[in-house]
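Numbering (this note's numbering), first residue to last: 56 to 491.
The beta-carbon is built from N, C-alpha and C at its ideal position, and this holds for glycine as well.
First comes the structure, then the notes that go with it.
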């Protein structure tokens, strides 16, 4: 009989504690909260406001004295409460305002009375009072105040509000911010009486010692007079040249500039004359341009030699028509003015002539040409135009660019030419001649 070994009895032992680890609700977090020192009174957000005031001496006594809320008492709120705006009454000036407890009890930059800080108008701090107590420096502001509904008592001297003013000297009306008019170093004044424009443009021209006497004669504004603008205005207005009659728009400040006043652009150095005169005075270099001019509605006199306008031209030699900018054809540097693109080096002759002069290499192209409306004469040998072709051997039709067919390694019929050359080209090869 086999002996059966008795199973060993389990051994029970005390469980070893696991290391402290985990998140907010873990044993480690609970341990740290248990051993953490008690925070100072000022750092406890849930500390009652009345208790905080008793622990902070004179500052706390002042806040308790200024506490003037009609809903809550100091004992019902905590020092860190920022949701409720409590009513306060300054013990110095009596100003009443609302602010959160957290803003008034915080350690860094606590808020105080806005009336004492000069942020709001009060009986002891307002724009009117500042003007009266300025030793005459701002007394004129009271007479220039032109707000239709509000008083000077309703604003502080440093307000950013823009209000209307009326000059006591010239009667000019304008809008300006209050703090710019009460600035301690450079207070602003009436813009019409300021150095920016002591008088209107007409007076300025009359007092320019003859430098700007021509401006009143060139004024061409349809509705406004020259008296309605200042000499330094950035308004763009129309002008008409007294010499050539040219009309253009320019800002007033550009025309009254003290060092380099602008003038008529047609009479200026940019284009001293029109395109027609420029060609006539080019010593024969541009004599061909009047003959090639092909604009249907405008004349050469209507353009300057340096104009960027693109206009139509017609070659006097081959009759080719194309569009080009005027400055490209007159070239300001007088070095490389453009000409007819068909007569230029890009394509000295048309495709038909090019094939005839190819020493037999492209003789097959005229036979394969299959364009329904255009002839080979209408294209250049290097054109990227895709046109239809018809193989002279198998009759296959396909489209290909002219440049691909006239290149050194030209493409042929894709059916007869799987290797990349046309059937007629392969006849010249002794190796492929037997295969054709």
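Please give me, in chain order, every unbroken run of the alpha helix (DSSP H) with length at least 4 that falls completely inside the region 179-211. You should have 182-187 and 194-199.
Could you tell me if the beta carbon of residue 426 falls within a distance shorter than 7 Å of some heavy atom in the ligand FAD? As far as ligands go, the structure on display features none, and thus does not contain the ligand FAD.
Residue 134: buried (16+ other C-beta within 10 angstroms of its C-beta) or exposed? With 16 or more other CB atoms across the displayed protein chains lying within 10 angstroms of its CB, residue 134 is buried.
Can you tell me whether DSSP reads residue 59 as helix, strand or coil? In this prediction, residue 59 has a pLDDT of 48, which is less than 50 and means its spatial position is unreliable; nothing more can be read from the coordinates.
Contact check, residue 230 vs residue 219, beta carbons under 8 Å: Taking 8 Å as the Cβ cut-off, residue 230 and residue 219 qualify as a contacting pair.
Kindly list the residues whose CB is nearer than 8 Å to the CB of residue 174, restricted to its own chain and excluding five residues on each side of it in sequence; keep chain order. Hits under 8 Å: 211.
So what does residue 303 bridge to, in DSSP terms? Answer is 294.
Give the DSSP bridge partners of residue 141, in chain order. BP columns for residue 141 point to 154.
How is residue 352 classed by DSSP in three states: helix, strand or coil? In the structure shown, residue 352 sits in coil (DSSP, three-state: anything other than H, G, I, E or B).
Cutting at 6 Å between CB atoms, please list the residues of its own chain near residue 168, excluding the five before and the five after it. Cβ-Cβ distances below 6 Å link residue 168 to 145 and 150 in the same chain, with the five nearest sequence neighbours on each side left out; the list follows chain order.
Nearest-angstrom Cα distance between residue 394 and residue 364? Whole-angstrom Cα-Cα distance: 16 Å.
Inter-residue Cα distance where the pair is residue 462 and residue 346: Between residue 462 and residue 346, the C-alpha separation is close to 36 Å.
Decide if residue 201 is buried, meaning its Cβ has at least 16 other Cβ atoms within 10 Å, or exposed. That one is exposed.
For residue 308, which of 298, 398 and 256 has the nearest alpha-carbon? When C-alpha distances from residue 308 are compared across 298, 398 and 256, the shortest belongs to 256.
What are the start and end residues of each continuous beta strand (DSSP E) run of 3 or more residues lying completely inside the region 391-432, in chain order? You should have found no qualifying run.
Please name the residue in 117, 457, 424 and 460 whose C-alpha comes closest to that of residue 444. For the residues 117, 457, 424 and 460, the minimum Cα distance to residue 444 belongs to 424.
Check the DSSP bridge columns for residue 369 and list the partner residues they point to. Note: residue 369 sits in a beta bridge opposite 376.
According to DSSP, residue 258 sits in a beta bridge with which residue or residues? Answer is none; residue 258 lacks a bridge partner.
In this structure, how does DSSP classify residue 133 when only helix, strand and coil are distinguished? Correct three-state label for residue 133: strand.
Classify residue 449 as buried or exposed, calling it buried when 16 or more other Cβ atoms lie within 10 Å of its own Cβ. Answer is exposed; the Cβ neighbour count stays below 16.
Classification of residue 471 by the beta-carbon crowding that lies within 10 angstroms, buried from 16 upward: Answer is buried; the Cβ neighbour count reaches 16.
Residues sharing a beta bridge with residue 103, DSSP: Looking at the DSSP output, residue 103 sits in a beta bridge with 133.
Please state the DSSP three-state secondary structure of residue 472. Judged by DSSP in its simplified three-state form, residue 472 adopts coil rather than helix or strand.
CB residue 132 to CB residue 159, shorter than 8 Å? The answer is no: Cβ separation not under 8 Å.
Under the three-state reduction of DSSP, which class applies to residue 166: helix, strand or coil? Coil, per DSSP.
DSSP has residue 443 in a bridge; who is on the other side? Looking at the DSSP output, residue 443 bridges to 454.
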